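From first to last, the protein sequence lines are chains E and A. Residue 1 is where the first sequence starts when you use the working numbering, and the numbers rise one by one after that. Residue 508 is where the second sequence starts when you use the working numbering, and the numbers rise one by one after that. Beta carbons are placed, not taken as given, at the ideal position from N, Cα and C, and that holds for glycine. Here the structure is a predicted model, which means the values were calculated and not measured.
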Amino acid sequence: MTDKRVRKILIVGGGTAGWMTAAVLAKLLKNDYADIHLVESEEIGTVGVGEATIPQIGTFNRTLGIDETDFVKATQGSFKLGIEFVNWGALGERYIHPFGAYGLDMDGVSFHAFFLKHHAARYGPETMDQYNLQALAARQNRFMRPVNAGNSPLSKIAYAFHFDASLYARYLRKYSEARGVTRHEGKITSVSLHPETGYVQHVQLTDGRILDADLFVDCTGFRGLLIEQALKAGYNDWSHWLPCDRAVAVPCENAERLTPYTRSTAREAGWQWRIPLQHRIGNGHVWSSAFTTEERATEILMSNLDGKALDAPRHLRFLAGHRKKFWEKNCVAIGLSAGFIEPLESTSIHLIQSGVAKLMQMFPSGGFNQPDIDRYNRVTTFEYERIRDFIILHYHLNRRDDSELWKYTQNMPVPDYLTDKMALFESHGRIFRENEELFNDTSWFAVMIGQGLKPRDYDPVADVQSAEETAARLTNIRDTIATSATYMPTHEQFIEENCDARTYVPA
Amino acid sequence: MNSPHTLSHIVIAGGGTAGWVAAAALSRLTNNGETRITLVESEEIRTVGVGEATIPPIAMFLRLLGIDLSEFMRETQATIKLGIEFEGWLREGHRYIHPFGDYGRDINAVRFYQYWLKLRAFGKDVGEIEEYCLAAMAARHQRFAPPDPDPRTVQSSMAYAFHFDAALYAAYLRRYSEARGVRRVEGKIADVTLRSEDGYVSSLKLADGREIEGDLFIDCTGFRALLIGKAMGVPYVDWSHWLPMNSALAVQSERVADPLPYTRSTARPAGWQWTIPLQHRTGNGHVYCSDYMNDEDAGKILLASISGRPLTAPSQLRFTTGRRAEFWSRNVVALGLSSGFMEPLESTSIHFIQAGVTKLIALLPDKRFNPIERDTYNRLSIMQFEQTRDFLILHYKATERTGPFWDYVRNMDIPDTLAQKIELFRSNGRLFRFEDELFGEANWQSVLMGQGIMPERWDPMADALDVNVVAKQVQGIREAVRETALRLPTHQEFLTRFCAAPEPVD
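Structure below.
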């Protein structure tokens, strides 16, 4: 048997996707299994602005053995307990989609059922915040990492990070290079395919250098230099459900308080993000060219900043959807080359992480094995589609009549999976997390209630407890959470004492 | 205060295991002071109750009902089950255990068996894969003790289920349910009345003329499927081209030795035979395909190979493997044999009843019967049923046995979902739990390897660690599992101490 093992891997493109991939490969494959190379050009700007993440990034850091404090300092990072959504359900409304669960399941019945029964029709987002420590702490600008406190919610604080994506890429570059990844500086002029198999053979750089490999990872961003331009993987266009196709981003000076959450504010033809970092705030306006103009979108962004703009606004174009094949022949697309889902629920970094993790699971041993590739593509498609449905929910579930985008998304037909999920919730407030979809029932509950979808009835299983008992236990949960929050320092305090970027000493 | 739409009356048609499992769970979890539960059964109708072996989720189900495990075991003549020994399934003389619980432990986020495969390829002495699974080793040595809550111990990896007498289990749950207000009506169901406007079941008519009305009906009438099949005409999806077994003969025999803590499944020329040890006797049965074997020969094979004197005449069962097109139709939910049948090769019958009623409670309708709850129930139940079907087909497909019957199953076409799974494993030893399926990676690994599908290569991720370092760790696990298993009390000692059942009175 000839040895068809992968001995050389070339990651094409740096940026967040490229360096995250490099770091994992360097850590898990070590360099004696395969040589790992990355080619990038300093001339090509990366998209990375201020990035927000979700708690799964903790697994990524642990896999790499990254010291969290060191990483937060190095990337001007801050902590994130959830996302505040402003003006989404209707103008003037706001709610928090927090990390971590609401309340506590009791008698084998989910907390949501008791919540809906007890509060009957009289509840709003503020009522919900009282049952989730992350939401309450976010409202009060507090943060700390979980501590060992037995049954207290303080033992289970769920969090993620905001950080500067270019600093993050730099941080992971250092990590990867220290573990033997070879970096090549240069711009790619052509991609050459094997005349019979169609596999990628090598890429050529402007100075004539040729870089070959057994496995290529396409991290070239929207362009999809390998996966699309060379291998023609095809693209599933979702813009009929997610019509935003542009963004304009700008950093600004910090505000008074360092909030421990991302904010997303719905605008007339899109929405604006606000990501607080230690040294500045990342802002961006995601908008739809079918519903407004670049001039108007930029004006909205620039007139809604907390402080002075620190740069000129940068413009981006994209198309919601994903590559029909994420993995084709000997090339795997990771990051924006794989697909684009707007950063409304901070899933970009997670999709990179999850793509690399799946690549590791299905890593080719002797030659490329079609069942492995098929499974990679099937599972990744499923993951993209479920995130897509959750994002569509935010657009679809609104009662706004002030602008065309919102009227359009309110009335558009949505995927069946989402229709069923909403119908099931509307009937008796039930949510099932299926097949390990990324967003769990807490997330669906937060957004559905937050944007005004009220179940007609509560789940009758809540009747297993008497109304008096439920009332007493819910009061107890609210009190425990309120007391727990008072033990938490403010977000600024926590950062100053634990991971102030000004104290960063590169290793 | 309950909602005005809360169900007033749930009627369970049929007792037996399905009926009483449903009654017990509903009485515990829908105890809202509003919904009444009635179960109609007739002592004249014999229950099938062959599914006497179970899988680990049953312990969780019993705990959910607040049932004390020691009392339950005593009342049902139960023994511990650590897995299934498959004898002769790959070829005559071969045997392997499909145990509960995991093999070894992951090293560097890579599955243990990948290292085992690699070391084996390097010619290291790594023994059999089952030497790394505590439940398998405990089964080999006929020992048992419950898992240790401390996750750092090998003993924490112990996983188990039960063998029990299904009739005693039904009787036990009947007492449980009646104590929680379930009303039992003795009577034979003569007719099912449908509402003319929408075809919903409005009442059951009993042979003596009584009529029982209800909002929600649960069909536990077994193969007869009086409500879902006969009255409502929901069709049956036939899977016998993949799982051609259609007959079984069951017989109880005298206990002649201490009960084994595992089920045994022995391949036969046109099917297989089960041996299920209880505290007071042994259950035996021969499952076969009548196209390849007649009843008389099947009976001879069964009686010639049981240990201990038979206690009953063999009873005959006929079935068609498959499922109802819908498990929940209008206001009728089918549980147990009325919803479908899969042979008890992996002891899933009782699990499907439990899973069905738990799902029904999670999606309990109200008097308005919103279709979304029904649709969700059907989608989820059917998915799990089909995934289990694939797992069963694997046992027949991956074999070296010959003869007319085995030649057929070895060469038959299989569902794509299964073909993909086998191919992923065969090439690189990869396994993925497909969505929310019942059988996880360790189960598939066990049966795939046991049935002779050895991966061509191990996962390259296993190459990140030095072979000699891994060899030492693997050896350490092997010794720790062995030592832990040998320190356990014997299965019989455990039973005597924890839950000895009374001698049955004949």
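The distance from the Cβ of E:G234 to that of E:R378 is about 15 angstroms, inconsistent with a contact at the 8 angstroms cut-off. The residues E594, G595, W779 and Q780, in chain order, have a CB closer than 7 angstroms to that of A:T773 in the same chain once the five nearest residues on each side in sequence are set aside.
Short of 7 angstroms from the beta carbon of E:W327, and not among the five residues preceding or following it, lie these beta carbons of its own chain, in chain order: I373, Y376 and N377. Chain order gives the chain A residues near E:N369 as S934 and N935, where near means a beta carbon separation below 7 angstroms. Under the three-state reduction of DSSP output, E:M144 falls in the coil class, being neither helix nor strand. Within chain A, A971 have C-beta atoms less than 8 angstroms from the C-beta of E:K30, given in sequence order.
E:Y171 carries a helical assignment under DSSP once its states are collapsed to helix, strand and coil. Around E:I275, the same chain offers G50, A52, H162, T262 and G282 as residues with beta carbons nearer than 6 angstroms, after the five sequence neighbours per side are excluded. When rounded, the separation of the alpha-carbon atoms in E:R317 and E:H350 is 21 angstroms. Counting along the chain, A:T586 sits inside the beta strand (DSSP E) bounded by residues T586 to K588. Among the residues of the region 914 to 935 of chain A, those with a Cβ less than 8 angstroms away from any Cβ of chain E are Q927, E930, L931, S934 and N935, in the order of the chain. For E:I188, the enclosing beta strand (DSSP E) starts and ends at I188 to L193.
Excluding its 5 nearest sequence neighbours in each direction, A:H998 has C-beta neighbours in its own chain below 8 angstroms: T586, I587, Q649, R650, F651, D765, P766, L767 and P768, listed in chain order. Between the C-alpha atoms of A:I813 and A:H787 there is a straight-line separation of about 15 angstroms. Between the region 58 to 76 of chain E and the region 215 to 227 of chain E there are fewer than three inter-stretch CB-CB distances shorter than 8 angstroms, so the stretches are not counted as touching. Of the residues assessed, A:L993 falls on the exposed side of the cut-off, its CB having fewer than 16 other CB atoms within 10 angstroms. Taking E:E253 as the centre and dropping the five residues before and after it, the same chain places the C-beta of R280, G307, K308 and L310 closer than 7 angstroms to its C-beta, in chain order. Annotated as proximal: E:I481 and E:Y131, with beta-carbon spacing under 8 angstroms. Annotation: Cβ neighbours of A:D873 in chain E (cutoff 7 angstroms, chain order): D457 and P460. Any Cβ of chain A closer than 8 angstroms to the Cβ of E:M360 would place that residue at the interface, and such an atom is present. By the C-beta criterion, the region 536 to 549 of chain A is judged to be in contact with the region 710 to 729 of chain A, since at least 3 inter-stretch pairs fall below 8 angstroms.
A contact is defined here as three or more CB-CB pairs under 8 angstroms, and the region 90 to 100 of chain E meets this definition with respect to the region 122 to 136 of chain E. For E:Y95, the uninterrupted beta strand (DSSP E) segment begins and ends at R94 to P98. Using a Cβ distance threshold of 8 angstroms, E:I387 and E:S78 do not count as a contacting pair. For A:N975, no CB of chain E lies under 8 angstroms from its own CB, so it is not counted at the interface with that chain. Taking C-beta atoms as the reference points, A:W746 and A:T855 fail to come closer than 8 angstroms. Fewer than three pairs of CB atoms, one per stretch, sit closer than 8 angstroms, so the region 37 to 46 of chain E makes no contact with the region 117 to 132 of chain E. Out of E:E436, E:P260 and E:E299, the CA that lies nearest to the CA of E:P489 is found in E:P260. Between A:A520 and A:V864, the CB-CB gap reaches or exceeds 8 angstroms. For E:S264, there is no enclosing alpha helix (DSSP H); the enclosing beta strand (DSSP E) has its first and last residue at T262 to R267. In the DSSP assignment, E:N283 is bridged to E:V250 and E:R274.
Only N877, I879, E880, D882, T883 and L887 from the region 874 to 901 of chain A bring a Cβ to less than 8 angstroms from some Cβ of chain E. For E:F425, the uninterrupted alpha helix (DSSP H) run begins and ends at D416 to H428, by DSSP.
The alpha-carbon of A:R896 is positioned some 43 angstroms away from that of E:A467. Residue environment analysis places A:E637 among the buried positions, since at least 16 neighbouring C-beta atoms fall within 10 angstroms of its C-beta. Chain E places no beta carbon closer than 8 angstroms to that of A:I860, leaving this residue out of the contacts.
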